[in-house]
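Down below is the structure, laid out as structure tokens.
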Amino acid sequence: MQEKQQAQDEFQAQINTLQQQLDNLKQEKSKATITSKPEVKKNRSIAKAT
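Counting in the working numbering, the sequence shown runs from -2 upward without gaps.
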């Protein structure tokens, strides 16, 4: 029974690690999106429209 609990704990720890990596990647992606050129192009088309 204890082995099963330990296996579950290890599995949960792996999930937590992956979740943290995923959050980090999402943050990196949102930073990259802000600085990417398509955003600048979008802003220029808004400027042309006005």
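The beta carbon of each residue, even a glycine, is placed where N, CA and C say it ideally should be.
Beta-carbon proximity list for residue i, same chain, < 8 Å, skipping 5 on both sides
i, result
"Ala4", "none"
"Asn13", "none"
Between the CA atoms of residue j and residue i - distance to the nearest angstrom
i, j, result
"Leu15", "Lys1", "21 Å"
"Lys26", "Met(-2)", "42 Å"
Within-8 Å CB hit, residue i to chain D
i, result
"Lys26", "Absent from the structure: chain D. Only one protein chain is present."
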